[in-house]
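Single-structure report; data block below.
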Amino acid sequence: MFSKRISQMGRSLSKSASDKAQTTSAAVPPVPSTIVPTSVSAQHSIAAAAEARDHASAFVKSDQMKLVASFIEAKGFIPKDLIAGEVAWFYNNLGIEEQYFRLETIESIARNIFSIYSAKIVAFIKDETTLDINLSRETDSGALFMQSVPNTTAPRSDNCELTIDAKYLDTSNRAKSFRLESYRSQSSVASNSFSTHVNSYFLYRCNFPERRDASGEFSSLEEICDPYFYEHATEQTIACYERIIRRVLKRTGVVIEALDVPASPEKRLVIGFKQGTTRQYFSALSDLYNFYGLVSSRKFVEQFSNGITVMSIYLSRAPGSNAAPLDNSIHQVVKEASLLYCLPTTPFQGHFQRGTLSVQESIYGYIGWIFAQHFLNRLGGEFTSLQSVLNPKNADHNEVLSKLKKRLRTDTFTRAYILEVIQQYPELVKLLYVSFAMVHYINPSQNSLSPSLSYQRMQVTPVLSEQELLDTIRKTVANTQEYMIFESYVTFNKHVLKTNFYQPTKCAISFRMDPKFLPQLEYPTPLFGMFFVVGSEFRGFHLRFRDIARGGIRIVKSRNAEAYSINLRSLFDENYNLANTQQRKNKDIPEGGSKGTILLNPDTQGNPQFAFEKYVDAILDVVVVGAREVQDTIVDLYGQQEILFFGPDEGTADYMDWAALHAKKRGVHSWKAFTTGKSQSMGGIPHDTYGMTTRSVHQYVLGIYEKLRLDEKTITKMQTGGPDGDLGSNEILISSDKTVGIVDGSGVLYDPAGIDRSELSRLATERKMVNHFDCARLSAAGFRVLVDDTNVKLPDGTVVHSGLKFRNEFHLNSLASADLFVPCGGRPEAIDVGNVHTLLHPDGSARFKYI
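Those letters in the sequence shown? Residues 572 to 1422, per our numbering, in order.
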């Protein structure tokens, strides 16, 4: 009885499929495609241009359909009189490009048809009106994904686009890239009783022509694209992509164009950017246009051998949606796609997907969360009272206060707790965002016939004064801690002087802040200027103590989650102290002191250059007015011209040439002076080549030798900062002492007999860490312990359980004793009041005579 009902139900489904397969072709309006599928070419008005390129082929789809039907019939899973309808619907209604059928085996195609048919059976048994289709097949050369989508704009929780981003698009590079074609089924799945559409995704590994030019420039698109794309693309598409790619090569960020589609109500969104500069962007864009009630009929992602990615998305209003007119929605998608490029995914993504918060509101909420992590005043009046009682000139008192401040900041408000509280009150985020936007968002009604959708949304939410906001927060939240978190948003809004938040060409989001909100007791020397920057790979600051100031930009890396938490907690204080030190170091030159820091996110430790480029470009967005191909007006509450000067520091020495040339491109008048440490070809003096800092410090060492009449070759030395760094390598090359210990990012190298000088010089010349040291050159008492090592037995019998912990604390280890200690690297606060006693032997004598 059950099998009979299933068979009857299957016949009903199959009849509907057959009817739709016969009527769909005439019903679908002619629309052009980036890559015209041969299987649906009759439906497209511009198909002739693509067909002229096609080569003759022995492949006949109807013959393959018969073979697939025979295979299915032989298995006996689908009633014989239903097979033709199921096969016809799969071939004709999913919009699948013919290349798929050329490449797939009969069995593979049949299996996919079986899977869709079985989904109907499951839906019938569960009495559901939607199908759950979730197919995937992955190989080294490509992948296939098919996933059912309810007839709404809501995303699936197991959205396969996240997998496509993570495994194929985000990892694409010049050596290995994947191109994508995606289609939405032209009708619901084979029955009036189901309202499910199917999205199909086809990924193919690119086969680029050989290319020797690494500059990115090209004369013809054929030189840099996959041959299949070039063979099947229309002339309009080739011209469009060439234009987009050339614009991307001139820009740090994303290029976005919205185009009309001939003879179709659809709009075509074309987006270009450099590979590796954003992540999860493909899936995030789907969330974006779904938020505005749009759906895509087809999507294409093309990779190019010069490192450029171009996406093409065909959009229309979702059936039955109350979306705004298509032109208005597309205009808003274009504006917010640039914002999404900067931060494609945040912890507030769920609110955006559910429609609780817009893209702008969710990203604003994320930035406010970051701001609160660094500047939430969590010390309380008791700390201030204690600070006023203690002696500020007493080093021990200051150290205790510093430790207490860290403990209060860490234990009172953790990152997770702050985020949890903000997530609970999206309505407060909306109110706070409107307060921010009404200051910094230019009213478009002054420049256009109709206001944008985002501006219309702002008119719905009431605009509150600062006091009204605080009163609303107080009435809404549950306790004082929650109030303080949202109060920090009010502080943020109040002290933003200008921002690129609404600029269409940004690659990271920057804010010129008024630093007056910083408590004087914690930061006694007032800052002149402060920039706060957030990108998909990093967060960062730039602080200066004078209008005209100079200092380096430091990239802060973290080996693991624990190190990241420590670095994040101390980031702003480290930046402030470094800039303050630079201010004192610059006392004899016209410029004051400044410093910049870039903290890489835990999962982007391998992208320091992208982070640096975005950091520089984002700051220039709010410093340089105009000089952009596309740039909207910025609300400038500062009202004065600013001139910034950057220099090299940890991890950025190789980027100074790029920064100077980019400043020139952005219209900085004094671009030649924008960075120090440039190469000689640009008229600069590269710090690392000449060892400027190292030689200066080494003069003090030589002064000690001279005054005490010491022979350098007999002096034992302990050094932090290894042969891979600027300072560490130069210290090795210009000295002739007996180095007994080196600590760098890879681990600890130690030899009481003296580390082999020739091997050290080799590493310093090649800029390699101590993990490349030839251990055969160590004495019997020497050893090397790397950060990833565990349970290592040293020559003296000591067992090192954690190489990372051993490396971090080796400068406090009794083995680390020498005549001279030269710190060429390391992290702040490695020595404090709690461990300074370890620098002494038990008899009270110093482990290092000279530091």
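In this text, a Cβ means the ideal position worked out from N, Cα and C, and glycines have one as well.
Note that the coordinates shown come from a computational prediction; the quantities given were computed from them, not determined experimentally.
### Query
What are the partner residues of Leu1114, as DSSP defines its beta bridges?
Met1101 and Lys1166
### Contacts around Phe1181, its chain only, beta-carbon distance under 7 Å, and the 5 residues preceding and following it disregarded
Residues of the same chain with a CB within less than 7 Å of the CB of Phe1181, apart from the 5 flanking positions on each side, are Gly847, Thr848 and Glu1108 in chain order.
#### Entry: CB-CB length for Ala1293 against Met1340, believed under 8 Å
According to the sequence provided, residue 1293 is Gly. The question's Ala does not apply to it. 5 Å between Cβ atoms; contact.
### Query
Residue range of the alpha helix (DSSP H) that Gly1374 falls in?
Gly1374 to Glu1380
### Message
For Phe1354, which residues in the same chain have their Cβ closer than 7 Å to its Cβ, ignoring the five residues on either side in sequence?
### Response
Closer than 7 Å at the Cβ level, and outside the excluded window around Phe1354, lie Tyr1321, Leu1365 and Pro1366.
### Task
Grab me the residues of Asn1424's own chain with a C-beta within less than 6 Å of its C-beta, minus the 5 sequence neighbours each way, in chain order.
This structure leaves residue 1424 out entirely; the chain is present only between 572 and 1422.
### Query
Which one of Ile1422, Glu1400, Val1363 and Thr1361 has the shortest CA to CA distance from Ala1387?
Ile1422
### Query
Per DSSP, Thr1051 forms a beta bridge with which residues?
Thr1051 is not bridged to any residue.
#### Entry: Own chain, CB closer than 8 Å to Asn1342, minus 5 neighbours either side, in chain order
Ser1317, Gly1318, Arg1355 and Leu1357
### Limits of the beta strand (DSSP E) - the one that Gln1290 falls within
Thr1287 to Thr1291
### Message
Is it buried or exposed, Glu1039, if we count other Cβ atoms within 10 angstroms and call 16 or more buried?
### Response
exposed
#### Entry: Limits of the beta strand (DSSP E) - the one that His768 falls within
Membership of His768 in the beta strand (DSSP E) is indicated by the continuous run Thr767 to Arg776.
#### Entry: Cβ-based burial, Asn1362 [other Cβ within 10 Å; buried from 16]
exposed
#### Entry: Range of the contiguous beta strand (DSSP E) that encloses Ile827
Val826 to Asp831
### Query
Which residue from Leu1092, Tyr1186 and Pro1090 puts its Cα closest to that of Ile1126?
Tyr1186
### Message
If the criterion is Cβ atoms closer than 8 Å, does the pair Ala1230 and Thr1247 meet it?
### Response
Using a Cβ distance threshold of 8 Å, Ala1230 and Thr1247 do not count as a contacting pair.
### Message
Classify Glu907: buried if its beta carbon has 16 or more other beta carbons within 10 angstroms, exposed otherwise.
### Response
buried
### Message
Helix, strand or coil, according to DSSP, for Val1358 in the structure here?
### Response
Coil.
### Message
Does Met636 come out as helix, strand or coil in the three-state DSSP assignment?
### Response
helix
### Tyr662 to Ser786 span [Cα, whole Å]
43 Å
### Close beta carbons around Lys870, own chain, < 6 Å, minus the five adjacent residues each side
Ser753 and Ile884
### Collapsed DSSP secondary structure at Asn705 in the structure displayed
strand
### Query
Closer than 7 Å: is that where the CB of Tyr1054 sits relative to any heavy atom of the ligand FMN?
Absent from the structure shown: the ligand FMN. Ligands present: none.
### Query
By DSSP, does Val1005 sit in helix, in strand, or in coil?
helix
### Task
Could you work out which residue in Asp1188, Phe923 and Ile1305 is closest to Gln1270 when comparing CA atoms only?
Of the listed residues, the one whose Cα sits closest to Gln1270 is Ile1305.
### Task
Given a cut-off of 8 Å, decide if Ser909 and Val971 are closer than it, judged by their beta-carbon atoms.
no
### Query
Whose CA, out of Leu1331, Leu1279 and Gly1274, lies closest to the CA of Gly1296?
Leu1331
### Message
Please report the straight-line C-alpha distance between Pro918 and Ala966, rounded to a whole angstrom.
### Response
41 Å
#### Entry: Beta-carbon proximity check, Ile1124 vs Gly1167, cutoff 8 Å
yes
### Task
Check whether the segment 1146-1165 touches the segment 1112-1119, counting contact only when three or more Cβ pairs, one atom from each stretch, lie closer than 8 Å.
Judged by Cβ distances under 8 Å, the segment 1146-1165 makes contact with the segment 1112-1119, as three or more pairs qualify.
### Query
Looking at C-alpha atoms only, which residue of Arg1083, Arg1348 and Ser929 is the closest neighbour of Ser1329?
Arg1348
### Query
How would you call Gly1100, buried or exposed, if buried means at least 16 neighbouring beta carbons within 10 angstroms?
buried
### Segment contact, 8 Å Cβ cut-off, at least three pairs: the segment 831-847 with the segment 791-803
no
### Task
Would you list, in sequence order, the uninterrupted alpha helix (DSSP H) runs of no fewer than 4 residues that lie entirely inside the segment 1295-1342?
Taken in chain order, the complete alpha helix (DSSP H) segments of 4 residues or longer contained in the segment 1295-1342 are 1297-1305 and 1328-1337.
### Message
For Glu1058 and Ile1080, I'd like the C-alpha separation in whole angstroms.
### Response
22 Å
### Message
Distance check for His1382 and Leu865, CA to CA, integer angstroms please.
### Response
Cα-Cα distance, rounded: 60 Å.
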